[in-house]
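Written below as structure tokens is the structure these notes are about.
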Amino acid sequence: MVNQNFLRTFRVLVQTGNFTRTAEQLHMTQSGVSQHIKKLETQLGQLLLNRYGKRFELTSAGELLFDFAIKQLTAESELLTSLEMDKPHVGQCKIACSGPMAMQLYPELLNLQVCTPTLTFSLEAAPNETIIELIKNNQFDLGIVTQQVNDHALMQQWVGTDDLCLIVPKGEQVNWSSLMNLGFINHPSGHHYAYQLLEKNYPDEFVAMNQLPERSYVNQLAQILLPISQGLGFTVIPKSTLDVYPYLNKIRVVTLDKPVAEDVYLVSKKHKPLPARYQLVKTLIEQLWQ
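For the sequence shown, counting from 1, position 256 maps to 256 in full-length UniProt numbering; every step adds exactly one.
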């Protein structure tokens with residue numbers, strides 16, 4: 001490893017081009033400067049300077065080392081700047097949540113970015129289990145999940161609830177038989193949502209998700225309500241995402257005897273404090289799901 005004190009002396013010497021000025025700048029003697037250069041040459045096994053009189057020229061090895069020293073100085077400066085730049089309106093926010101939540105959250109994040117262009121956002125749509133792994137592996141900093149997390153490496157904050165909605169074609173009468181005739185429109189979070197709603201509202205009929213005839217599956221979340229608008233099935237989605245869908249005039253949100261809501265939690269690493277910029281995001285999320 002290159003001795004950093006010797007390297008600093010070498011860099012200043014090349015920048016000043018003079019042993020006397022280098023000694024003055026570093027509060028050293030000229031002989032001390034010369035000793036640092038000699039020790040650096042010994043350490044590297046390379047001649048760094050060709051001296052003539054009181055002047056010198058860099059050897060090829062010296063040029064390479066000086067280039068390395070400048071890059072290292074630049075990297076150090078950038079690091080220190082980054083460490084000091086924990087500001088509430090600057091930097092990238094990396095967030096993971098479910099697909100339906102992403103449909104609700106992403107437009108709001110874009111509105112925030114329009115108002116604060118120095119903020120940038122990475123948003124990943126994923127199921128709860130994947131979100132937790134993304135947080136634990138430091139791929140994302142903040143997650144939104146709908147289940148309690150029992151992991152000592154993570155901290156969890158309840159932010160609100162999200163009602164689940166049973167969606168059928170407009171004009172459709174709703175009972176267990178009619179749902180079976182319609183068939184289920186599945187999506188990436190479809191089974192997770194439907195299980196909770198159907199188990200509570202149809203306890204005598206509902207047994208398991210595999211008993212439902214699956215009419216269609218779509219992972220393009222904006223298209224989930226399209227087959228329902230054409231009378232082809234039913235599905236379950238969060239209420240918070242309804243406004244982002246088209247076809248609302250062709251579907252019906254069923255009034256449930258037993259409403260079902262999911263708790264919404266923020267998840268982050270316990271021993272990795274979130275940068276200041278995440279406070280804006282947390283406030284936004286709390287407003288959306290309270």
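We put the CB at the ideal spot given by N, CA and C, even for glycine.
In chain order, what residues of the same chain lie with their CB nearer than 6 angstroms to the CB of residue i, ignoring the 5 residues before and after it?
i, result
"glutamine 113", "Leu119"
"valine 244", "Met103"
"proline 213", "Gly183"
"arginine 252", "Val168, Lys170"
Taking its Cβ as the centre, do 16 or more other Cβ atoms sit within 10 Å of residue i, making it buried, or is it exposed?
i, result
"threonine 29", "exposed"
"alanine 194", "buried"
"proline 238", "buried"
"serine 189", "buried"
"phenylalanine 68", "exposed"
"proline 100", "buried"
"tyrosine 278", "buried"
"leucine 73", "exposed"
"threonine 241", "buried"
"asparagine 249", "exposed"
"alanine 208", "exposed"
"glycine 17", "exposed"
"aspartate 204", "exposed"
If I measure Cβ to Cβ from residue i and keep anything under 8 angstroms in the same chain, skipping five residues before and after, which residues do I get?
i, result
"isoleucine 132", "Gly143, Val145, Val149, Asp151, Leu154, Val267"
"alanine 23", "Thr29, Gln30, Gly32, Val33"
"isoleucine 70", "Arg11"
"threonine 130", "Ala96"
"residue 308", "Any answer about residue 308 is impossible in this case: the structure gives the chain only from 1 up to 290."
If we ignore side chains and look at the alpha-carbon of each, how far apart do residue i and residue j end up?
i, j, result
"phenylalanine 66", "serine 98", "50 angstroms"
"glutamate 124", "alanine 102", "8 angstroms"
"glutamine 46", "isoleucine 285", "59 angstroms"
"residue 306", "lysine 94", "Beyond the ends of the chain as shown, which are 1 and 290, falls residue 306; an answer cannot be given."
"leucine 26", "threonine 9", "8 angstroms"
"aspartate 257", "aspartate 86", "49 angstroms"
"histidine 191", "glutamine 4", "59 angstroms"
"phenylalanine 56", "glutamate 78", "31 angstroms"
"valine 90", "alanine 276", "9 angstroms"
"threonine 116", "methionine 180", "49 angstroms"
"leucine 58", "glutamine 92", "42 angstroms"
Below 7 angstroms CB to CB, which residues in the same chain sit around residue i once its five sequence neighbours on both sides are set aside?
i, result
"glycine 233", "Leu182, Gly183, Phe184, Ile185, Arg215, Ser216, Pro227"
"glutamate 41", "Leu47, Leu48"
"tyrosine 106", "Leu123"
Answer yes or no: do residue i and residue j have a C-beta to C-beta separation smaller than 9 angstroms?
i, j, result
"leucine 134", "phenylalanine 121", "no"
"residue 291", "valine 236", "Any property of residue 291 remains undetermined from this structure, which presents the chain solely from 1 to 290."
"lysine 39", "phenylalanine 6", "yes"
"asparagine 128", "glutamine 156", "no"
Exercise. Are the stretch 209-221 and the stretch 264-280 touching by the rule of at least three beta carbon pairs closer than 8 angstroms?
Worked result: no
Exercise. Taking one C-beta from the stretch 158-177 and one from the stretch 226-238 each time, how about it: are there three or more such pairs within less than 8 angstroms?
Worked result: yes
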